[in-house]
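Read through the structure below, which is laid out as structure tokens, and then see the notes.
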Amino acid sequence: MANSSTDGKDTAKRPAILTYADAQVQERFKRLASQFGRAAKHPHDPDTIHDMRVATRRFMQSLKVFGQFFDRQSTKKMRRRLRRLMHLSGEARNCDIALELLELAGFERGKSASQLRRRRKRAEEILAELLCRWHKRGLYGQWLRHLRVINGVSGDWNCSAPVEGNARRALPSLAREFFAAGSVAARKNTDHGQLHQFRLLAKRFRYTLELFQPLFGPEMQRGVKELRALQDKLGAMNDCVTALVLIADNPGAVSAIEKLLAERETACRTHWREHFDARQKAWWLDWLSRPLNRATDRMPLRKPPRKPMLTENRLPGAAKGQAA
């Protein structure tokens, strides 16, 4: 049976990838626990709810990526609870999005806005109650005790290879998947459901890259920045789709938001063609296939292909931290 341990004596015997995974997951759990506390105190604040949801996604993605090093039964229970949290907080978040777009369309004082505010109030009360109940039960401490890495378990990660070797093998494949999905999503006949699925894939890709950010130079920072800009535009489109469901009984607001949605769709597809073409794909695959050896390498910066000078126009109604 595989042994789990976190003491200093056994740490030296661990495979490098296991130690690395442990550090990345623990870091994201600490951030998540902190965001839980903030959200419990300020469930009325849209930015706080958004930040908690981002921290939740990042932690869940770290568990998915490095799942072979943790007890699957324990992490399965964590993910189940966190999916419930995301559902409850999603209700509050969707109301915030719809209210923001109603204001942008000039309908912030109507019946639809009043109904959304009441719905939002109920959602934040339910969410705050859940978070306080978790805190009283000491759930966060229980999760932390279960987040003990397990040595000797086989899986996707090669425990005999260095962390850099594992990254070199895994990340270019994820990039190819991302570019293939994006090329399909950028087609004019793609429906909103497909665009939504690509938006989720882009998030998972970004959060996975961030797990390996210490292994790369400035290219990683530039790549993540490009992904964040794409997510801004995908998120702006999804905000419109979400709002349309919640304000279906307001024809005037629906018409205004449908027009905005069409503009955002065009902006998103244009952004993909200009920032994620074949040359950019080659750039991504190049630097992802050559992570730094943290002990010895000082690799030169590989600059992305030059793009035409464009004026960046922020989409109307874009919320703080939308790309996360």
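Counting from 1 along the sequence shown, just add 15 to a position and that's the residue number in the numbering used here.
By construction, the Cβ of each residue, glycine as well, lies at the ideal position given by its N, Cα and C atoms.
If you look at residue 274, you'll find it in the alpha helix (DSSP H) that goes 266 to 290.
Membership of residue 51 in the alpha helix (DSSP H) is indicated by the continuous run 31 to 56.
Every unbroken stretch of the alpha helix (DSSP H) spanning 4 or more residues and falling wholly within the stretch 148 to 190 is given here in chain order: 154 to 161.
Using a 10 angstroms sphere on the CB of residue 230, the tally of other CB atoms reaches 16 or more, which defines it as buried. Going by C-alpha positions, residue 137 is about 15 Å away from residue 54.
Here residue 134 has 110 as same chain residues with Cβ atoms under 7 Å from its own Cβ, once five neighbours each way along the sequence are excluded.
For residue 226, the three-state secondary structure derived from DSSP is helix. Using a 10 angstroms sphere on the CB of residue 218, the tally of other CB atoms reaches 16 or more, which defines it as buried. Across the set 141, 85, 117 and 132, the C-alpha of 141 shows the shortest separation from the C-alpha of residue 102.
Residue state for residue 193 is assigned as helix, using DSSP reduced to three classes. Only residues of its own chain outside the window of five on either side were considered, and among them 30 have a CB closer than 8 Å to the CB of residue 175, listed in chain order.
A distance below 6 Å between beta-carbons, with the five flanking residues on each side excluded, links residue 56 to no residue of its chain. The beta carbon of residue 211 is closer than 7 Å to those of 253 in its chain, skipping five residues each way along the sequence. Here the C-alpha atom of residue 287 lies approximately 10 Å from the C-alpha atom of residue 281. Secondary structure of residue 205 (DSSP, three-state): coil.
Contact annotation, residue 32 with residue 178: C-beta distance approximately 5 Å; criterion of less than 8 Å satisfied. Our two residues, residue 225 and residue 126, have alpha carbons roughly 43 Å apart in a direct line.
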